[in-house]
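Input: a single structure, listed below in structure tokens.
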Amino acid sequence: MRLWHRADDKFDQPRMSAYFHVSLPGIEDSPEAFVAADMLTLMIHDRLQDRVRYPAELASLNAGLDVVGQHTCLSLTFDGFDCKLPRLVQAYFSAVADFELDPARFHKVKEKRLKDLKNYGLKPGRQARSLLHQLLKRREASESSKIAALEAMEPETLTQFARAAWQGAAHVEGLIIGNVTAEEALDMGASVREAFKKSAPVAAEAFPKKEIAVVPPGDTRFALAAQNPEEGTNVVYVYYQHGVCTHDNRAVSLLVHQLIGEKLFDQLRTKEQLGYVASGSLETLYDVGGFRVTVESAFHSPKFVEERIDAFLLGFPKQVLTMDDAEFTKTRRSLVDSVLTMDVSLSAEADRHWTHVSNQKYQFYRGQIIAGLIDGVSKKEVVEWLEANLAPIAAAPNARRVTIHVHGKNHPLDAADMGAESGGQNALGADDVAALKKSWGYHPAQGDPTRVPELEMPPESMARLSNTDVDAARRKAEA
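So in my numbering, spot 442 of the sequence shown is number 448, and the numbers just go up one at a time.
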């Protein structure tokens, strides 16, 4: 178990946030294990609803329990008044450790979960996003395979899964922040450890790996019919992968996002009126960076929409190049200010710290480091990055792109969409995902749960802007 603690010295409120990740190597890489872990969290919520969750909500206490990390661990999050929160934490961990299942409630929860899974992909935007995540994440399964696994699940199966996963090897990493002393945090940690008295530590080589597939240079294309036959909307989902995140490429990609967002919406949505959804945003998965452009349209074919997306991406570097220097500097400065924005609440500060704990890189001053780098990014660097990493493949042959077309009934999928007219190569379908990502290979898993690296300190200029005492932080790190 590794426990992080910070006593609140900003907000002066009787509140606390406590976040925990429980790594469970016993969760296998299969649809059956994925839905079992999901059902475990739902059954715990259901079991605690009347006697714990409802009274907690009345007392302004919040609790969350989810499966995260490509189905490798349970996430338990708590927030509320410090005098009551430890009891809520203990109730949840005890409920998982002493898992009991009511067969009648199991079937009710299972029925609702099946309905949710079947409804999820009815929106074509979700269908496209789900396919991309199946392609990129090593441990991910299709919605149809999860539905089949859940339909076959019986109460005894879930009970056996819960006991095997929880009583096997387990590792807990937690963050406790707020109106709480180090001794009180350790006491809470001890109560959490009590829930693992039957569990063994996780061996260094046995920690589950959260890996992302390496998209090769070129354009990997998919064409799908909308899951809902009555859906008229088409979706074009264009994803560019930029590799493992570093401070430098984070700085450039954040500035690109700041520059491109409104202009993309203005061109594709407002001026060209391609559809009612047109957006561009960063798509970072387990510290592997990327960027996606999404357009949903009921009026134009996916082929036409993609052509307009490519035209915008091809012309955008010139827009940046001809941008007034003062406007570019103002945009860059605005981004720096945004990155350095002070936390507005204890929960916001907890979320920020938890980002760096949960990714197991422990870069607690990453925002300030990146802000300093953003301040030095030139217009030329942005243009060169755009031309190499966010342009049509014809103009940037080494860019790593995945294009997904989802066809609604207004522009049904046909043989032409699956063939060479769809971008110079045969488009793939959902059944091709497993073999494809296996042939691609994977980026090295980011973060190391077995060690805490030396803390990176922020530059003096950014530390002053964010009121950070670098000397005090350094002394604390050395201690």
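By construction, the Cβ of each residue, glycine as well, lies at the ideal position given by its N, Cα and C atoms. In this text the structure is predicted, and so the values were computed from the model without any measurement.
Just mark residue i as buried or exposed, buried being the case when its beta carbon has 16 or more other beta carbons within 10 Å.
| i | result |
| --- | --- |
| residue 428 | Confidence is the limiting factor: at residue 428 the pLDDT is only 44, short of 50, which leaves the residue's position unreliable, though a coordinate-based value still follows. Buried, since its Cβ has 16 or more Cβ neighbours within 10 Å. |
| residue 372 | buried |
| residue 473 | exposed |
| residue 79 | buried |
| residue 492 | The question about residue 492 has no answer, for the chain in this structure spans 7 to 485. |
| residue 214 | buried |
| residue 405 | buried |
| residue 386 | exposed |
| residue 377 | buried |
| residue 395 | buried |
| residue 67 | buried |
| residue 353 | buried |
| residue 292 | buried |
| residue 488 | Absent from the structure is residue 488, since the part of the chain shown begins at 7 and ends at 485. |
| residue 235 | exposed |
| residue 113 | exposed |
| residue 426 | Because the pLDDT of residue 426 is 43, which lies under 50, any placement of that residue in the model is unreliable, and the question is left without a value. |
| residue 466 | exposed |
| residue 121 | exposed |
| residue 478 | exposed |
| residue 475 | exposed |
Identify the continuous alpha helix (DSSP H) that holds residue i and give its terminal residues.
| i | result |
| --- | --- |
| residue 319 | 308-327 |
| residue 224 | Taken as a continuous stretch (DSSP letters only), residue 224 belongs to no alpha helix (DSSP H), being part of the beta strand (DSSP E) at 224-231. |
| residue 372 | 372-380 |
| residue 156 | 149-158 |
| residue 387 | 385-395 |
| residue 337 | 331-345 |
| residue 268 | 253-270 |
| residue 49 | 37-54 |
| residue 133 | 130-142 |
| residue 6 | Summary: the structure shown does not reach residue 6, with the chain confined to residues 7 through 485, and so no result is reported for it. |
| residue 112 | 109-126 |
| residue 64 | 60-64 |
| residue 194 | 188-200 |
Assuming contact is defined by CB atoms lying nearer than 9 Å, are residue i and residue j in contact in what I supplied?
| i | j | result |
| --- | --- | --- |
| residue 30 | residue 137 | no |
| residue 152 | residue 41 | yes |
| residue 298 | residue 312 | no |
| residue 95 | residue 194 | yes |
| residue 228 | residue 441 | no |
| residue 49 | residue 123 | no |
| residue 294 | residue 449 | yes |
| residue 462 | residue 369 | yes |
May I ask which residues mark the beginning and end of the beta strand (DSSP E) holding residue i?
| i | result |
| --- | --- |
| residue 68 | 68-74 |
Spell out the partners DSSP gives residue i in its beta bridges.
| i | result |
| --- | --- |
| residue 87 | 21 |
| residue 247 | 296 and 406 |
| residue 175 | 206 |
| residue 448 | 219 |
| residue 180 | 9 and 26 |
| residue 473 | BP columns for residue 473 are empty, so no partner. |
| residue 302 | 241 and 283 |
| residue 81 | 27 and 72 |
| residue 413 | 231 |
| residue 291 | 294 |
| residue 94 | Answer is none; residue 94 lacks a bridge partner. |
Touching by the beta-carbon criterion (3+ pairs, under 8 Å), the segment 17-34 and the segment 166-186: They touch, by the three-pair rule.
Any contact between the segment 299-318 and the segment 228-244? By contact I mean 3 or more CB pairs, one from each, below 8 Å. Taking a cut-off of 8 Å for Cβ pairs, the segment 299-318 and the segment 228-244 touch, as three or more such pairs fall below it.
Is there contact between the segment 161-179 and the segment 279-288, where contact requires at least three CB pairs shorter than 8 Å? With a cut-off of 8 Å, the segment 279-288 and the segment 161-179 do not count as touching, because too few Cβ pairs lie within range.
The segment 204-218 / the segment 143-158 touching (three or more Cβ pairs under 8 Å): With three or more CB-CB distances shorter than 8 Å, the segment 204-218 counts as touching the segment 143-158.
Do three or more CB pairs link the segment 326-335 to the segment 359-370 at distances below 8 Å? By the Cβ test, the segment 326-335 is not in contact with the segment 359-370, since fewer than three Cβ pairs between them sit closer than 8 Å.
Contact between the segment 102-110 and the segment 248-262 (3+ Cβ pairs under 8 Å): Flag = no, the segment 102-110 and the segment 248-262 do not touch.
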